[in-house]
Amino acid sequence: MADNSSGRKTYIRLLFGLAALVLWGQAMRLQLLDPSYGKRAEATTIEQITLYPARGNVLDRHGNLLVYNQRMYDLLAVYNRIDPEMDTARFCRFLGISRQTFEENLKKDWTEPRFSKSVPFVFLSKIPDSIYTRFSEVQYQFPGFYAQLRHVRGYPHPHGAHVLGAIREVNQQEIDSFPEYSLGDYIGDGGLEQAYEEHLRGRKGVRFVLKDNLGRETGEFKERKKQHPELGSRLQTSLSLELQAYAESLMQNKIGSIVAIEPATGEVLAMASAPDYDPNELAISRNRAEAYRRLQSDPGKPFFDRSVMAQYPPGSLFKPLLALIGLQLEAFSPEMGVSCSQGYVYNGQLLTGCHAHPYCGNVVTAIQHSCNAYFVTVFRRIVDRHGFRNPAQGLDELYTYLDKFGLNRRLSRDFPSEESGYVPSSSFFDRWYKDERWNSIWIRSLGIGQGELLMTNLQMANAAAMIANRGYYYRPHLVTQLNQSKWFDEEPVEVGIDSVHFEFVIEGMERAVWGGTARMAFVPDIRVCGKTGTAENPHGKDHSIFFGFAPRENPKIAVAVYVENAGFGGTFAAPIASLVMEKWIRLSWKDLGVVPPEQHLDGDIHPSRKWIEKRMREANLLDLP
Amino acid sequence: MRKRTSSGLEKTDRLTFSIYLALVAIGWTMVLSVGYEPDIWQRFFSAPIGKQTIWIGISLATFFAVFGIQSRFWMRAAYPIYGLAVSLLIAVLLVGTTIKGSKSWFVLGGVSFQPSELAKFGTALAMAAYLSRFKTKVSVPGDALLALAILGIPMLLILLQPDAGSALVFLAFLLVLYRSGLNPAWYAFGFFTLGALLAGLIWENTPLIASVLLFAGILLLAYQQARRRQALWATGIMGAGGAAIYWVAPQYLNEILLATGVLFGLLALLMYRQNKLRLGLLVALVAGWGIGVAALSQYLFNQALKPHQQDRINVWLHPERCSEQGSLYNLLQSQTAIGSGGLTGKGIFEGTMTKLKHVPEQSTDFIFCTVGEEHGFIGSTIVICLYLLLLIRITILAERQRAAFSRYYAYGIAGILFIHFFINIGMTMGLVPIIGIPLPFLSKGGSSLLGFTIMLAVLLKLDSKRLQLA
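From first to last, the protein sequence lines stand for chains A and B. Sequential numbering of the first sequence, starting at 78, is according to my numbering. Sequential numbering of the second sequence, starting at 125, is according to my numbering.
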């Protein structure tokens, strides 16, 4: 046939050229103009594998381990890699899970973008080392399953749960707010774990591996170096494991707390809050959520750390503090006598009651017998120093000193849940009484530690340490060393009371033990100084309170004890505190070897006081109304 | 007056043969790179690259063997080969082996063979033989229909397997028909229909497409008016107004469509008054056909296509509806691999995407990903240019043939190569739907390489004897 269409060859070539141009243009768009493809190529083939660090260990003052790390494993699975013919029964037996759990854990919603059959997901988390060791021997029979090492917390002793805190998985809010956390990380929750989170957690490492489309590792990515995880800092605390355990044993079946401080350093020796729990209960495990729920709903509120979170009226413990301020301000003379006929009488009216006690002819006997009339008088002298019509100025002077004593403030960063307590200032009463002009009579119960003034038990122990030091304190703290280098490095806080004034108060506190309100706190061989308190409790039985220190010269320990609903301060708080002090001093005597064995008694309680120790341990105050 | 010469190798078109060798070499390198591991040389012949090397050897041997066959043999054998291919296509439907859902393979003693490969070659021969017959005139509807049947029969049989990708390749022969003189209006009509179908699938908005088509019709009719300038201006302003209304308030689309329709009707009436009714009717018919196709596209999409086919169309036209982990995965991986190559690529054996099996079928259908990833834009450009050069060169060879058979055969081969080239590279970059056909000479796979080699060898043999054939 004739060829009439040879002109069409041009159009055919044009078509070829145009098509090639279109392909070339698209190649240019993908390879040169749009940079996102290169980035995505990296994301889908180079996988970052997080290497989790172990948290720092926590030690007591003698190097005993309080918190250590346990190896635990998360078992990851890649669905597409699992052998459908695998021996499921054997697999479950080795992991100690039921067939049902196996199936439930494998069933994911694959339509959801966060799951992929080719991408590892956590099949079973928190497998204890013991179980994993067994499983690891047969793991090769189950392709598609990979283990990831995690470090979780373990506690060799069931003590110090409140002080130590716990770890838990980060929540979404924390992931959003802090870039260093990602899903599945652990974070400190409460206590030292929370306060020292950034030191304890260490640094995560990372490893870059090349992955094929089934998520199989095909090798190390050499251009990005592996970063090894960094172990968290080791925390050396001032706690004494032995004293802590002893304090906790005394508080069993009671509600309240014990705080013991070494006055010369501000180091916390023991800190017990009751009711408490075994820290191992909150360790990361498959049972944690259940344990947490149970403790959370316990009516005794074991999560409530009564050493630093409870805010109590100090009761008569306030009297030595008031005496010190009054003496420093020269609001009264130490030789002042106040007659007390069953209480404080004003204009013929009995305003504040008092118990029967001998006449208090000076401040020493007033403290010894804890006379209410005496200290209402001292309080009014202080508040009315600038005139009866001008109580605000006097009260605020008092406030200034209390502030220096460490009241109305949080004392330390080592207790993340610490509360500040409360000291009312003049503006508080201005608001309280609105337009009325208030005076020292109206607010007199502050003088005996009742009313609006609230302290934490830590603040009470700190006040005892301040008295023991005759005028200064080191901020109470738990952590002494981080990774073996000195951590607490603060100057003492001077409270602005001349040391001469302390001798009256301390004499009164020692006499209270010798023959006053705190006779149960008497310890042979040790000069204990202390003060009882009884806080009125409108809801039930009064709270039993005591603070003190020992020995009188070169004090080794200051203690505050608060036992809720236990009645008079002398019956529970004073003997418990004296036992803690005696225990600590005899233990240190034994360690130092400077006293004969008949005095240090191998760190045991004096035989004449064994019955007290027994009674305190066995007393069960929880059944009381 | 045939001379007893050697096989004619010395008269081979050297450029074509060089391009062929270059593409085969690039393919070999890419297949090696995909499976590359440092110890590959020790177990060379058990690795894919070893098999590919053997196939290249077989293909080259075949190339020379084909040169040993007299060129006139292909003219005589055209119909028998075509007949054999068609019978095999029928046989494979009855006794073939199903691989990946398509009953398109014969498997005999470990060797697998796809009759559709033979059918491409056979159809190219038969089409050339038919069109080069002295009495064939494609301008005659009967002859045109018969030519269409030659490509339609194997296409239909392959669609039954079903293997839509291979069936699509037979549209390559429309290029031969075009060159042989088929009325270009049919091609225009075909492209218009395809455009309307795609528009329907992309916008899924029949009133909008109808408005646009009617407006195009109005422009065409306005162009026919005596006062052309004014008419065009007026319609242009109205069109801009309509577009502006749609831009601001798309809810008035139906009103816009109504106005456009009324205007179109008025113009058509005017044409009637001007005695240009035929043109008016034609424009109305074409516009109506387009609107109908667009309106039907969704229905066809939902009723005629299987879910996995719908997925492919969606990946192509509506990637935003697809899950990155699901149906979009292959395309995304492929585009990512190519895109990550940048200008110069990651270097040979250094591609992470392709080496790590992120790309599906990475050494067969998606071999171009390896080119793009490891050799970057420069590598892509070189490969695209080589194909373009090959295609243009084949058209030059075609045009210099004295024998119509050789010319049409050459165009047939050009068309087949072109469809493979455009669809394969286009699909790896998301320009066309993902259709599983190999990239000629580059993709791993013996039967594909052997098939294309034979097609090209016959072409070069015919070309080397162009002066003796008429």
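Every residue, glycine too, gets a C-beta built ideally from N, C-alpha and C. Quantities reported herein were computed from a predicted structural model and do not represent experimental measurements.
Which residues does DSSP pair with residue i in a beta bridge?
i	result
T577/B	Answer by DSSP bridge pairing: none, since T577/B is not bridged.
Y114/A	DSSP output for Y114/A lists no bridge partner at all.
G333/A	A351/A and V640/A
F198/A	A154/A
V135/A	V144/A and L312/A
V410/B	V410/B is not bridged to any residue.
V385/A	DSSP output for V385/A lists no bridge partner at all.
C606/A	F626/A
Q676/A	BP columns for Q676/A are empty, so no partner.
T468/B	Note: T468/B sits in no beta bridge, so no partner.
R280/A	E307/A
I338/A	V345/A and A635/A
I223/B	S226/B
A70/A	Chain A is shown only over 78 to 702; residue 70/A falls outside these bounds and no answer can be derived.
Using a Cβ-Cβ cut-off of 6 Å (strictly less than) and excluding sequence neighbours within five positions of residue i, which residues of its own chain qualify?
i	result
R311/A	G133, N134 and N560
E241/B	S571 and G575
F409/A	G403, V455 and R458
S290/B	S240 and I282
S236/B	W229
I574/A	L401, Q405 and G548
A581/B	F187 and V190
G560/B	G289 and D489
Below 8 Å CB to CB, which residues in the same chain sit around residue i once its five sequence neighbours on both sides are set aside?
i	result
G420/A	L427, L428, T429, G430, C431, N449 and A450
V417/B	T317, A320, L321 and G324
Which residues bound the beta strand (DSSP E) around residue i?
i	result
M553/B	M553/B -> no beta strand (DSSP E), and no H or E assigned at all.
W229/B	S226 to L232
S621/A	H620 to A627
D266/A	Y263 to D266
E246/A	A243 to E246
T533/A	No beta strand (DSSP E) contains T533/A, which DSSP labels as neither H nor E.
Can you list, in chain order, the residues of its chain whose CB lies under 7 Å from that of residue i, leaving out five sequence neighbours each side?
i	result
S195/B	K585, L586, K589 and L593
L510/B	I143, A146 and L147
E328/B	Q422
Y533/B	A248, L249, A252, L583 and L586
K127/B	Caution is warranted here: a pLDDT of 48 is assigned to K127/B, below 50, making its placement in the model unreliable, and no coordinate value can be reported.
P702/A	Unreliable placement is indicated for P702/A, whose pLDDT of 46 sits below 50; the coordinate value is still reported in the next sentence. Closer than 7 Å at Cβ, skipping near neighbours: G617.
F565/B	Y144, L147, V148, G151, L573 and F576
M78/A	Reliability fails at M78/A, whose pLDDT of 45 lies under 50, so the model's placement of it is uncertain and no value is given.
C437/A	G414, V415, C417, A443, H446, C448 and Y451
Y114/A	L107
How is the alpha helix (DSSP H) around residue i delimited, first residue to last?
i	result
N69/A	Residue 69/A cannot be examined here, being either before or after the span of chain A that is shown, 78 to 702.
F212/A	D206 to S213
H228/A	Taken as a continuous stretch (DSSP letters only), H228/A belongs to no alpha helix (DSSP H), being part of the beta strand (DSSP E) at F222 to G231.
V495/B	I491 to E523
E180/A	R176 to L183
T460/B	Y453 to G463
T359/B	R352 to V372
(message) Ignoring anything shorter than 3 residues, give me the beta strand (DSSP E) runs that lie fully in the segment 405-456 of chain A, in order along the chain.
(response) 420-423 and 426-430
(message) Quick check: the segment 347-356 of chain A against the segment 315-330 of chain A, are at least 3 beta-carbon pairs closer than 8 Å?
(response) The segment 315-330 of chain A, when compared against the segment 347-356 of chain A, does touch it at the 8 Å Cβ threshold.
(message) Restricting to runs no shorter than 3 residues, where is the beta strand (DSSP E) found entirely within the segment 234-296 of chain B?
(response) 235-237
(message) I'd like the ranges of any alpha helix (DSSP H) spanning at least 4 consecutive residues and lying wholly in the segment 446-525 of chain A.
(response) With a minimum length of 4 residues, the continuous alpha helix (DSSP H) runs that stay inside the segment 446-525 of chain A are 449-460, 468-481 and 503-509.
(message) Does the segment 585-600 of chain A come into contact with the segment 438-445 of chain A, if we say contact requires no fewer than three beta-carbon pairs (one atom in each stretch) closer than 8 Å?
(response) Yes, the segment 585-600 of chain A touches the segment 438-445 of chain A.
(message) Runs of 4 residues minimum, wholly inside the segment 303-333 of chain B: which ones carry the alpha helix (DSSP H) assignment?
(response) 308-327
(request) Scan the segment 543-604 of chain A and note each continuous beta strand (DSSP E) run of 3 residues or more that stays entirely inside, going in chain order. (result) 556-559
(message) Any contact between the segment 602-618 of chain A and the segment 632-645 of chain A? By contact I mean 3 or more CB pairs, one from each, below 8 Å.
(response) yes
(request) Write down every uninterrupted run of the alpha helix (DSSP H) in the segment 155-203 of chain B whose length is 4 residues or greater and which is fully enclosed by it, in chain order. (result) 172-192
(message) I'd like to know if the segment 491-507 of chain B and the segment 460-476 of chain B are in contact, where contact means that at least 3 CB-CB pairs between them fall below 8 Å.
(response) Short answer: they touch.
(request) Check whether the segment 621-638 of chain A touches the segment 657-667 of chain A, counting contact only when three or more Cβ pairs, one atom from each stretch, lie closer than 8 Å. (result) yes
(request) For the segment 516-532 of chain A and the segment 390-398 of chain A, state whether three or more C-beta atom pairs, one from each stretch, are separated by less than 8 Å. (result) yes
(request) Kindly confirm or deny that the segment 216-223 of chain B and the segment 165-183 of chain B touch, where touching means at least three C-beta pairs closer than 8 Å. (result) no
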